[in-house]
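At position 46 of the sequence shown (counting the first as 1) the number is 46 in UniProt numbering, and the numbers step up by one without a gap. Cβ coordinates follow ideal geometry from the N, Cα and C atoms, glycine included. What follows is a short report on a single structure.
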Amino acid sequence: MQFELIAEAYQPMISSILRKTSIYRDHELFRQAALIALWKAWGNYEESKGSFAGYAYRSMYGAVLDELKKSSKDVPMQDDFFANASIDVQTHKFQELIIELPPLLQEILLLSYYEGYTAEEISERIGLSVPGVKKRKKSALIKLREFYKSDSE
1 MQFELIAEAY QPMISSILRK TSIYRDHELF RQAALIALWK AWGNYEESKG SFAGYAYRSM
61 YGAVLDELKK SSKDVPMQDD FFANASIDVQ THKFQELIIE LPPLLQEILL LSYYEGYTAE
121 EISERIGLSV PGVKKRKKSA LIKLREFYKS DSE
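Take a look at the structure:
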């Protein structure tokens with residue numbers, strides 16, 4: 001039997017594999033990989049090992065998955081580098097802005113946001129009342145916002 005006849009007969013199976021593997025782009029690339037696998041399966045098939053259809057299916061399915069893995073490695077990197085660089089710049093900017101605050105406000109923000117202390121725990125640690133801690137925390141955030149706005153302009 002000629003390979004062209006085999007290839008024609010197995011086109012529906014190839015289409016099924018492409019649908020099953022959710023191939024929505026580069027159909028010809030994956031179809032070609034499946035055809036090459038079919039050709040190799042046709043050449044290597046031993047009747048004593050089972051049906052050709054099952055052997056061909058597994059061969060083509062594996063080839064399509066291999067091609068999918070290979071093509072996913074070739075996807076260009078997103079702008080993650082630039083997004084991370086932007087976050088680093090903003091973090092550095094906020095660190096500079098926090099330095100502008102009085103030491104007590106710096107300590108309250110540090111204990112609250114970096115150490116995870118509650119207002120009650122901060123009040124015990126610093127020796128202020130709970131409402132005093134909350135008021136100073138709010139004041140620090142307002143000052144940071146003002147510093148940030150004036151620095152951005």
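Buried or exposed for residue i, going by 16 or more other Cβ atoms inside 10 Å?
i: residue 67; result: buried
i: residue 136; result: buried
i: residue 113; result: exposed
i: residue 109; result: buried
i: residue 111; result: buried
i: residue 10; result: buried
i: residue 24; result: exposed
In three-state DSSP terms, what is residue i?
i: residue 67; result: helix
i: residue 23; result: coil
i: residue 12; result: helix
i: residue 102; result: coil
i: residue 91; result: helix
i: residue 129; result: coil
Do residue i and residue j have their C-beta atoms closer together than 8 Å?
i: residue 7; j: residue 38; result: yes
i: residue 17; j: residue 61; result: yes
i: residue 126; j: residue 133; result: yes
i: residue 26; j: residue 71; result: yes
i: residue 130; j: residue 120; result: yes
Residues in its own chain within less than 6 Å of residue i by CB, not counting five upstream and five downstream?
i: residue 52; result: 45
Going by CA-CA distance only, name the one from the options that's closest to residue i.
i: residue 42; options: 4, 145, 23 and 15; result: 4
i: residue 40; options: 13, 63, 129 and 145; result: 63
i: residue 139; options: 98, 116 and 71; result: 98
i: residue 128; options: 107, 58 and 144; result: 107
i: residue 144; options: 115, 24 and 95; result: 95
i: residue 59; options: 70, 36 and 50; result: 36
i: residue 34; options: 47, 48 and 65; result: 65
Report all residues from its chain with a CB closer than 8 Å to the CB of residue i; omit the five preceding and five following residues, and keep chain order.
i: residue 49; result: 55
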